[in-house]
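Residue numbers (the working numbering), protein chains in the order written: chain A, 343 to 930; chain B, 343 to 930. By construction, the Cβ of each residue, glycine as well, lies at the ideal position given by its N, Cα and C atoms. Note that the structure is a prediction, hence the values are computed from the model and not measured. Here the structure comes first, spelled out in structure tokens, and everything after it is commentary.
Protein chains: 2
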Amino acid sequence: MFAFDGGMGTLLQARGLKPGQSPEAFGLANPDIVADIHREYINAGARVVTTNTFGGTDFKLDAGLEVVSFNREMTAVARQAAGDRAFVAGDIGPTGKFCRPLGDVDFRDLVEAFKRQIRGLSEGGADLLIIETQFDLAECRAAVIAAREVCDLPVAVSMTFEDGVSLTGTRPLTFIDTMQNLGVELIGTNCSAGPEGMLEVVRAMLPRLSTPFFAQPNAGLPELEDGRTVFRLDPETFAEQIKPFVALGAKAIGGCCGTTPEHIRCASKVFEDVAWSLPEPPERDCLVLTSRAQSVAVSPHRRSKVIGERINPTGKKQLTAELQAGQFSEAFRFAKEQLACGAHILDVNVGAPMVREETLLPDLVSALVSRVQAPLCLDSTNADAIRAALDVYPGSPLVNSISGEPGRMQALGPLCKHYGAPFIMLPLLGRKLPVTASDRLAVIESLLREADDLGVPRRLIMVDALVLTVSSKPESAKACLEVIRHCRDEWNLATVCGLSNISFGLPARELLNASFLVMGMTQGLSAFIANPGSNRLMESLSSSEVLLARDPQARDFVAGYAEWKPTGGPLPGRDSHLAGAAAPVETP
Amino acid sequence: MFAFDGGMGTLLQARGLKPGQSPEAFGLANPDIVADIHREYINAGARVVTTNTFGGTDFKLDAGLEVVSFNREMTAVARQAAGDRAFVAGDIGPTGKFCRPLGDVDFRDLVEAFKRQIRGLSEGGADLLIIETQFDLAECRAAVIAAREVCDLPVAVSMTFEDGVSLTGTRPLTFIDTMQNLGVELIGTNCSAGPEGMLEVVRAMLPRLSTPFFAQPNAGLPELEDGRTVFRLDPETFAEQIKPFVALGAKAIGGCCGTTPEHIRCASKVFEDVAWSLPEPPERDCLVLTSRAQSVAVSPHRRSKVIGERINPTGKKQLTAELQAGQFSEAFRFAKEQLACGAHILDVNVGAPMVREETLLPDLVSALVSRVQAPLCLDSTNADAIRAALDVYPGSPLVNSISGEPGRMQALGPLCKHYGAPFIMLPLLGRKLPVTASDRLAVIESLLREADDLGVPRRLIMVDALVLTVSSKPESAKACLEVIRHCRDEWNLATVCGLSNISFGLPARELLNASFLVMGMTQGLSAFIANPGSNRLMESLSSSEVLLARDPQARDFVAGYAEWKPTGGPLPGRDSHLAGAAAPVETP
Ligand SMILES: [Zn+2]
Ligand SMILES: [Zn+2]
Ligand SMILES: [Zn+2]
Numbered sequence: 343m344f345a346f347d348g349g350m351g352t353l354l355q356a357r358g359l360k361p362g363q364s365p366e367a368f369g370l371a372n373p374d375i376v377a378d379i380h381r382e383y384i385n386a387g388a389r390v391v392t393t394n395t396f397g398g399t400d401f402k403l404d405a406g407l408e409v410v411s412f413n414r415e416m417t418a419v420a421r422q423a424a425g426d427r428a429f430v431a432g433d434i435g436p437t438g439k440f441c442r443p444l445g446d447v448d449f450r451d452l453v454e455a456f457k458r459q460i461r462g463l464s465e466g467g468a469d470l471l472i473i474e475t476q477f478d479l480a481e482c483r484a485a486v487i488a489a490r491e492v493c494d495l496p497v498a499v500s501m502t503f504e505d506g507v508s509l510t511g512t513r514p515l516t517f518i519d520t521m522q523n524l525g526v527e528l529i530g531t532n533c534s535a536g537p538e539g540m541l542e543v544v545r546a547m548l549p550r551l552s553t554p555f556f557a558q559p560n561a562g563l564p565e566l567e568d569g570r571t572v573f574r575l576d577p578e579t580f581a582e583q584i585k586p587f588v589a590l591g592a593k594a595i596g597g598c599c600g601t602t603p604e605h606i607r608c609a610s611k612v613f614e615d616v617a618w619s620l621p622e623p624p625e626r627d628c629l630v631l632t633s634r635a636q637s638v639a640v641s642p643h644r645r646s647k648v649i650g651e652r653i654n655p656t657g658k659k660q661l662t663a664e665l666q667a668g669q670f671s672e673a674f675r676f677a678k679e680q681l682a683c684g685a686h687i688l689d690v691n692v693g694a695p696m697v698r699e700e701t702l703l704p705d706l707v708s709a710l711v712s713r714v715q716a717p718l719c720l721d722s723t724n725a726d727a728i729r730a731a732l733d734v735y736p737g738s739p740l741v742n743s744i745s746g747e748p749g750r751m752q753a754l755g756p757l758c759k760h761y762g763a764p765f766i767m768l769p770l771l772g773r774k775l776p777v778t779a780s781d782r783l784a785v786i787e788s789l790l791r792e793a794d795d796l797g798v799p800r801r802l803i804m805v806d807a808l809v810l811t812v813s814s815k816p817e818s819a820k821a822c823l824e825v826i827r828h829c830r831d832e833w834n835l836a837t838v839c840g841l842s843n844i845s846f847g848l849p850a851r852e853l854l855n856a857s858f859l860v861m862g863m864t865q866g867l868s869a870f871i872a873n874p875g876s877n878r879l880m881e882s883l884s885s886s887e888v889l890l891a892r893d894p895q896a897r898d899f900v901a902g903y904a905e906w907k908p909t910g911g912p913l914p915g916r917d918s919h920l921a922g923a924a925a926p927v928e929t930p
Numbered sequence: 343m344f345a346f347d348g349g350m351g352t353l354l355q356a357r358g359l360k361p362g363q364s365p366e367a368f369g370l371a372n373p374d375i376v377a378d379i380h381r382e383y384i385n386a387g388a389r390v391v392t393t394n395t396f397g398g399t400d401f402k403l404d405a406g407l408e409v410v411s412f413n414r415e416m417t418a419v420a421r422q423a424a425g426d427r428a429f430v431a432g433d434i435g436p437t438g439k440f441c442r443p444l445g446d447v448d449f450r451d452l453v454e455a456f457k458r459q460i461r462g463l464s465e466g467g468a469d470l471l472i473i474e475t476q477f478d479l480a481e482c483r484a485a486v487i488a489a490r491e492v493c494d495l496p497v498a499v500s501m502t503f504e505d506g507v508s509l510t511g512t513r514p515l516t517f518i519d520t521m522q523n524l525g526v527e528l529i530g531t532n533c534s535a536g537p538e539g540m541l542e543v544v545r546a547m548l549p550r551l552s553t554p555f556f557a558q559p560n561a562g563l564p565e566l567e568d569g570r571t572v573f574r575l576d577p578e579t580f581a582e583q584i585k586p587f588v589a590l591g592a593k594a595i596g597g598c599c600g601t602t603p604e605h606i607r608c609a610s611k612v613f614e615d616v617a618w619s620l621p622e623p624p625e626r627d628c629l630v631l632t633s634r635a636q637s638v639a640v641s642p643h644r645r646s647k648v649i650g651e652r653i654n655p656t657g658k659k660q661l662t663a664e665l666q667a668g669q670f671s672e673a674f675r676f677a678k679e680q681l682a683c684g685a686h687i688l689d690v691n692v693g694a695p696m697v698r699e700e701t702l703l704p705d706l707v708s709a710l711v712s713r714v715q716a717p718l719c720l721d722s723t724n725a726d727a728i729r730a731a732l733d734v735y736p737g738s739p740l741v742n743s744i745s746g747e748p749g750r751m752q753a754l755g756p757l758c759k760h761y762g763a764p765f766i767m768l769p770l771l772g773r774k775l776p777v778t779a780s781d782r783l784a785v786i787e788s789l790l791r792e793a794d795d796l797g798v799p800r801r802l803i804m805v806d807a808l809v810l811t812v813s814s815k816p817e818s819a820k821a822c823l824e825v826i827r828h829c830r831d832e833w834n835l836a837t838v839c840g841l842s843n844i845s846f847g848l849p850a851r852e853l854l855n856a857s858f859l860v861m862g863m864t865q866g867l868s869a870f871i872a873n874p875g876s877n878r879l880m881e882s883l884s885s886s887e888v889l890l891a892r893d894p895q896a897r898d899f900v901a902g903y904a905e906w907k908p909t910g911g912p913l914p915g916r917d918s919h920l921a922g923a924a925a926p927v928e929t930p
């Protein structure tokens with residue numbers, strides 16, 4: 343364990359920063375004061391000092407200050423003050439702007455602004471970056487992506503929650519799910535309401551937190567006194583309240599508003615002799631999709647997730663016409679209907695003739711994001727369309743799909759890693775379909791190796807079990823089931839399939855689809871692409887969750903089906919096996 | 343390989359047996375002639391000679407001849423003629439009578455008649471018994487059961503087929519299924535239409551024949567000449583036509599009507615130097631139920647079988663009243679309805695208050711046997727009722743069930759073995775239900791050991807996966823599925839369950855039952871006790887068979903469901919997950 347430093351603002355005010363004056367301009371004008379504060383924190387026990395660059399982007403920096411040089415100079419001050427006694431964290435605060443469609447800034451403009459700041463921090467000698475006091479998931483994402491595009495410094499990200507939720511509606515679990523998908527090195531929370539209030543936030547993260555975490559609370563709740571905000575938590579009490587974080591396995595502790603070197607001195611005594619190890623999360627490296635408001639974990643051991651398939655122009659005349667005209671009302675209707683039927687994720691495909699997917703897919707995704715809370719699945723064979731949609735999506739969407747087609751993993755694997763986007767891996771190598779389970783598993787293994795070589799983490803990979811129609815390949819359902827089982831038992835990988843293909847060319851397809859769903863779930867099928875408007879399918883799903891002990895007290899099943907009535911009686915036309923009728927010697 | 347002998351009748355006629363005179367009386371009066379014939383066959387190469395006792399039961403033997411002494415004396419003649427040059431097979435032909443309800447003889451009377459004959463054969467020094475030229479499955483069964491009740495001689499059983507079916511409607515596969523359940527040592531076919539016609543009969547047996555087999559054809563097709571039946575196939579051609587039997591893996595060859603020592607001499611040269619080994623049947627030791635007309639194989643790798651549950655008075659007022667009055671019309675109606683819905687096996691339970699199961703169960707079984715071709719499941723906790731029903735059933739019924747209750751396996755295990763009746767093994771040891779899969783598997787292992795120790799063959803054992811209701815034991819469905827999978831993968835044992843218990847106490851039970859059926863089938867559930875009148879269940883069954891590649895070209899599914907129509911549209915009252923509604927951070 344180690345200590346970050348504490349607040350900068352309070353100390354600057356004590357040394358001449360006027361109310362209304364920007365700390366950035368003051369710091370640049372008074373590097374000795376800033377250096378002094380860094381040294382005080384180091385003397386108090388901080389192993390990391392944070393640069394005076396909280397507002398150091400184009401969007402916030404005083405006119406006349408150049409972003410790169412400002413950040414470089416402030417970092418150099420910290421670097422020199424720290425010497426080899428402490429690390430320097432290049433500080434990145436929020437821009438105060440929101441990405442579209444929440445605000446009017448393009449995601450890419452935000453990324454570029456952060457990139458300029460980070461270039462300065464990096465050139466000034468920062469040892470790591472700390473993206474902190476963040477309150478919007480899209481902005482966190484932009485800052486992390488910017489960092490990766492500029493340098494290879496470790497990245498810490500810290501979000502601020504009020505009453506367990508960030509300003510734009512993200513909860514701690516969804517925050518860490520998204521950040522872990524992005525592969526950040528340190529995850530934390532800061533500011534808000536002092537150590538005690540922050541404890542619940544950390545607890546909410548723990549179920550899936552497999553990344554070292556830190557906390558930087560304020561010195562208690564902010565209070566207003568003579569028009570000024572003050573923080574009254576004294577250093578000893580602050581240190582006392584830090585103890586539970588140590589017990590939960592925090593990797594680092596620091597302070598935010600109102601904290602002083604004395605707070606850090608007292609706090610760091612708390613964990614002076616604590617041997618640190620990352621606690622084992624109950625669910626390690628589970629695949630998770632996120633929107634701003636939701637996490638949807640997809641795992642062979644969790645409820646099977648419905649990916650609504652209907653926003654896809656194939657075979658839909660009106661949707662096709664609308665998409666060609668750049669209109670979305672039909673797509674919105676499909677979104678609404680599918681969610682009402684119980685879809686957990688919505689597939690979004692705009693692949694119609696005479697459509698520019700590179701602009702239409704991000705436009706529709708952007709429009710859906712403000713109407714729908716469920717995570718989206720970006721479905722396109724066009725890599726540029728995927729990239730453009732990844733830019734506008736404020737979380738971890740699902741990318742559908744990466745096949746074994748030459749060059750596809752090289753192009754899209756690193757892209758998904760960069761954007762922290764899980765993807766569907768389709769075990770297709772060329773024109774020849776792998777039919778047997780062992781053929782499919784061999785293709786999957788080779789794609790997994792390819793992903794490993796590209797540094798794409800397994801947590802982003804969901805395997806498509808490749809449903810082939812049983813009417814032409816009778817053993818193909820069994821092959822699928824074996825692939826699903828193998829992925830669960832041998833690799834702990836989530837699996838998905840497009841359900842309806844199984845029954846192509848046969849009557850009563852819904853019966854086959856529904857039975858195949860139950861079979862798949864028995865073997866660990868984690869998600870399936872289907873039309874949630876099929877009652878039969880949703881009945882099968884809901885009853886299977888009871889049987890797989892994933893619907894406690896059958897609460898959801900009872901809520902959905904308490905009024906359900908069977909349709910009784912034998913079907914007409916069945917053969918009679920009574921004596922007298924010609925019966926076979928052997929019942930098949 | 344070895345040779346049996348050939349015909350006795352033709353040779354006796356050549357030495358003085360008059361038309362109309364009984365070969366038994368003639369033989370008893372002329373032991374030297376009989377001994378001569380035995381010696382001629384031995385000299386011709388026969389390693390087994392057959393006693394002159396074909397009609398040696400009470401039902402056929404001339405008045406004045408005492409059964410035990412007649413059989414003893416004729417066997418002694420053969421024994422002495424054979425010396426240590428050949429084995430003596432005590433011959434048992436059909437009685438000419440039919441058991442109830444086909445005829446008017448009680449099964450037990452038939453057994454007792456055979457027992458008297460066999461006592462004589464055994465006392466006379468027979469090395470084995472050969473029950474031959476049989477044409478009714480119930481009578482074969484009676485003879486084998488009689489043999490086991492009298493002695494421990496090896497038993498060979500041979501049935502005669504015309505156009506591939508025995509006189510009372512049994513086909514070769516069902517014959518050998520039943521005989522293998524009874525554990526006979528040698529299985530064959532004899533008489534009928536010469537070697538060429540007999541080949542198809544042997545081929546029909548091969549898929550499941552795991553017992554050494556033999557064939558004793560006539561010397562060609564019988565022809566009528568001057569009012570006498572003659573057989574024209576010469577010894578050399580006979581021997582030529584024997585070759586395919588050798589190629590198929592026959593253990594022994596002999597001759598029936600019209601064959602002579604010369605036929606045997608020629609035939610035995612064919613396999614003089616053939617090294618014999620039992621061919622591996624495609625399906626080894628699969629559990630099979632039989633009626634006179636049908637085999638129903640129950641295996642984790644075959645279609646899952648429906649055991650119709652409705653003939654059970656529990657909760658059925660009218661059925662209860664009828665059974666108490668000894669009337670069966672309601673039971674017949676349930677039988678008919680369930681078969682029309684697709685049941686493969688019918689459970690028969692008469693356990694109502696004020697009913698003597700020991701007489702009522704065999705009465706109902708006997709009445710059903712002449713109305714229904716499907717195998718029956720004898721369902722009673724009363725061991726005497728089971729025993730009585732086993733007597734009247736003309737094949738291999740299913741016994742439901744043998745639990746781990748103290749003494750139950752000791753009482754019923756050997757009974758089932760004796761009658762060749764497969765049984766359901768219920769993993770219940772005492773009052774405490776084994777809930778987890780490993781608890782259940784431990785009980786199953788201990789019951790299997792108990793069965794092994796009693797010499798009960800595994801081929802008779804079907805494991806009940808013990809369905810407990812998920813509303814009180816949420817993990818119990820998963821435990822069942824694990825038991826089913828383990829039985830399939832580790833023990834190759836068939837599994838069964840009473841389906842509907844899974845959903846007790848919940849609404850929309852059919853949905854849960856149907857999904858559980860599909861889950862079970864995915865893991866190898868081989869049969870299930872249920873009401874086949876449930877459309878949902880039968881739809882799940884039929885569609886699952888397509889998916890498990892057990893309904894070639896989906897023929898049965900298409901036949902049953904080509905006209906099926908889905909019921910569309912979302913259910914009312916589902917929550918909307920659109921933005922604005924309160925959505926959870928984490929979708930379960
Ligand atoms: Zn703060
Ligand atoms: Zn014959
Ligand atoms: Zn004969």
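On the premise that residue j lies in contact with residue i, defined as a C-beta separation below 8 Å, what is that separation, rounded to the nearest angstrom?
i, j, result
"I434 of chain B", "I472 of chain B", "7 Å"
"N372 of chain B", "L802 of chain B", "The Cβ separation is near 46 Å, so there is no contact."
"R626 of chain A", "S552 of chain A", "6 Å"
"I653 of chain A", "A673 of chain A", "5 Å"
Taking the beta strand (DSSP E) that residue i falls in, what are its first and last residues?
i, result
"Q715 of chain B", "Careful: Q715 of chain B lies outside any beta strand (DSSP E) and carries neither H nor E."
"E567 of chain B", "P564 to E567"
Check for me: the alpha helix (DSSP H) holding residue i runs from which residue to which?
i, result
"G369 of chain A", "P365 to A371"
"R570 of chain A", "That residue, R570 of chain A, is in no alpha helix (DSSP H); its beta strand (DSSP E) goes R570 to F573."
query = Counting pairs of beta carbons, one from the stretch 850-869 of chain A and one from the stretch 816-823 of chain A, are three or more of them closer than 8 Å?
reply = A contact exists between the stretch 850-869 of chain A and the stretch 816-823 of chain A.
key: Meets three-Cβ-pair contact criterion under 8 Å: the stretch 616-630 of chain A and the stretch 494-507 of chain A   = Verdict: no, contact absent.
message = Measuring CB atoms only, is the stretch 435-444 of chain B touching the stretch 463-481 of chain B, in the sense that at least three cross pairs come out at less than 8 Å?
response = Between the stretch 435-444 of chain B and the stretch 463-481 of chain B there are three or more inter-stretch CB-CB distances shorter than 8 Å, so the stretches are counted as touching.
key: Interface positions of the stretch 892-905 of chain A facing chain B (Cβ-Cβ less than 9 Å), listed along the chain   = Of all residues in the stretch 892-905 of chain A, R892, D893, P894, Q895, A896, D898, F899, V900, A901, G902, Y903, A904 and E905 have a Cβ within less than 9 Å of some Cβ in chain B.
query = Can we say the stretch 703-710 of chain B touches the stretch 769-776 of chain B, given the rule of at least three CB pairs closer than 8 Å?
reply = No, the stretch 703-710 of chain B does not touch the stretch 769-776 of chain B.
query = Taking any Cβ of chain A, which residues in the stretch 865-881 of chain B have a Cβ under 9 Å from it, in chain order?
reply = Result list: Q865, P874, G875, S876, N877, R878, M880 and E881.
Contiguous alpha helix (DSSP H) assignments of at least 4 residues, all confined to the stretch 364-420 of chain B = DSSP runs (the alpha helix (DSSP H)) wholly in the stretch 364-420 of chain B: 365-371 and 373-386.
The stretch 644-656 of chain B in contact with the stretch 680-700 of chain B per 3-pair CB rule at 8 Å = Using a C-beta cut-off of 8 Å, the stretch 644-656 of chain B makes contact with the stretch 680-700 of chain B, since at least three inter-stretch Cβ pairs fall below that distance.
task = Identify every run of the beta strand (DSSP E) within the stretch 669-715 of chain B, keeping only runs that are complete inside it and at least 3 residues long; order them along the chain.
result = Taking 3 residues as the minimum length, the beta strand (DSSP E) runs contained wholly in the stretch 669-715 of chain B are 687-690, in order along the chain.
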